[in-house]
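Note sheet for the following structure.
Numbering (the numbering used here), first residue to last: 490 to 792.
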């Protein structure tokens, strides 16, 4: 039977907030939301309990267009959306086959659950305000698999202790894979947005004056980042070390100048006092001496 058809046949006595929700313990619940629960295709929906809970969503199928505050994005099958809604109103547009699994947990309980785990869920902070993370993690097979298991379990879970314990165990498994999926991606973001801006500032400064290479120590002081992080971040963003980037841009500029200037004139304009040092750097960059480039240009102009 199709997933959506199975949901239509499922009856629950705990249908709240437009979804089928089961509270596993105080501060922890799991729910499934479908297009049918949202009633209309285009709805405004406010989550009354979202000022107390962190929400972990995994979309089982369909499409959902989400608008909240200044954010807008579209989710699809397998997408993960994590956040703290803080009572904000969500504007939702969904497909007819939309289906979603959501686990809601209070921050204090979450702290207890992840305290001794071997990963750091970097989204959490001491002061929680409205935030929303949406990731299209196509490799999150484990999360999607757990979400499907939760869906099928919720169809058959009643007040029996055995079923409740099994559902609880699968919710913990779901959260475990969920955190690992997020953490594996978020830990790749080693630098803040401000630090990325500083790396870009360094790059712009380098190309603004190609006659005199600044020291890394001086650059680090200008942007307020230690030398080690500056070197690592710059290379990660631009693919080359600071000096290699500067030298590449410097030689490219020199190559342009050789179109209309002699080797000596070009060397002087690029800040070299020693012509042989300039020629050596140029050959290392392009594989030929600057005089050969100059000769090629002269031959081209005389043709």
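Ideal Cβ placement from N, Cα and C applies to all residues, glycine included.
This one's a predicted model, so the numbers in the text were calculated from it and none came from an experiment.
I'd like the span of the alpha helix (DSSP H) that includes residue i, first residue to last.
i           : result
residue 766 : 764 to 775
residue 708 : 705 to 712
residue 753 : 752 to 758
Which class does residue i belong to by DSSP, given the choice of helix, strand or coil?
i           : result
residue 518 : strand
residue 735 : helix
residue 723 : helix
residue 545 : strand
residue 512 : strand
residue 593 : strand
residue 681 : coil
residue 581 : strand
residue 624 : strand
residue 523 : strand
residue 785 : helix
residue 807 : Because residue 807 is not part of the residues shown, which for the chain are 490 to 792, the question remains open.
residue 571 : strand
Less than 7 angstroms separating the beta-carbons of residue i and residue j?
i           : j           : result
residue 768 : residue 778 : yes
residue 552 : residue 584 : yes
residue 714 : residue 682 : no
residue 774 : residue 740 : yes
residue 742 : residue 699 : yes
residue 543 : residue 594 : yes
residue 705 : residue 716 : yes
residue 557 : residue 577 : yes
residue 757 : residue 783 : no
residue 709 : residue 719 : yes
residue 572 : residue 621 : yes
Express the C-alpha separation of residue j and residue i in angstroms, rounding to a whole number.
i           : j           : result
residue 723 : residue 624 : 26 angstroms
residue 538 : residue 689 : Only weak support exists for where residue 538 lies, its pLDDT of 42 falling under 50; the coordinates are left without a value.
residue 548 : residue 523 : 10 angstroms
residue 793 : residue 591 : Residue 793 is absent from the structure shown; the chain starts at 490 and stops at 792.
residue 562 : residue 555 : 5 angstroms
residue 526 : residue 663 : 23 angstroms
residue 570 : residue 656 : 21 angstroms
residue 586 : residue 550 : 7 angstroms
residue 661 : residue 667 : 10 angstroms
residue 589 : residue 725 : 37 angstroms
residue 707 : residue 619 : 39 angstroms
residue 638 : residue 516 : 21 angstroms
residue 580 : residue 567 : 21 angstroms
residue 755 : residue 693 : 22 angstroms
residue 654 : residue 680 : 41 angstroms
residue 712 : residue 685 : 11 angstroms
residue 603 : residue 545 : 15 angstroms
residue 665 : residue 644 : 22 angstroms
residue 697 : residue 737 : 14 angstroms
residue 614 : residue 520 : Residue confidence is low: residue 614 scores 46 on pLDDT, short of 50, so the model does not pin down where it sits. Its coordinate-derived value is still stated next. Between residue 614 and residue 520, the C-alpha separation is close to 25 angstroms.
residue 629 : residue 691 : 37 angstroms
residue 776 : residue 770 : 10 angstroms
residue 560 : residue 780 : 57 angstroms
residue 785 : residue 765 : 20 angstroms
residue 727 : residue 772 : 23 angstroms
residue 511 : residue 596 : 18 angstroms
What residue does the beta strand (DSSP E) around residue i start on, and which one ends it?
i           : result
residue 556 : 553 to 557
Among the residues of its own chain, which have a CB less than 6 angstroms from the CB of residue i, if the five just before and after it don't count?
i           : result
residue 735 : 695, 702
Hey, is residue i's beta-carbon within less than 7 angstroms of any beta-carbon in chain D?
i           : result
residue 585 : You won't find chain D in this structure, because it holds only one protein chain.
Given residue i, which residues of its chain have a CB within under 7 angstroms of its CB, disregarding the five upstream and five downstream residues?
i           : result
residue 659 : 635, 638, 639, 642
residue 598 : 516, 517
To which residues of the same chain is residue i closer than 8 angstroms at the C-beta, ignoring the five residues directly before and after it?
i           : result
residue 759 : 699, 700, 739, 742, 743, 746, 767
residue 750 : 758
residue 513 : 519, 653, 656, 657, 660
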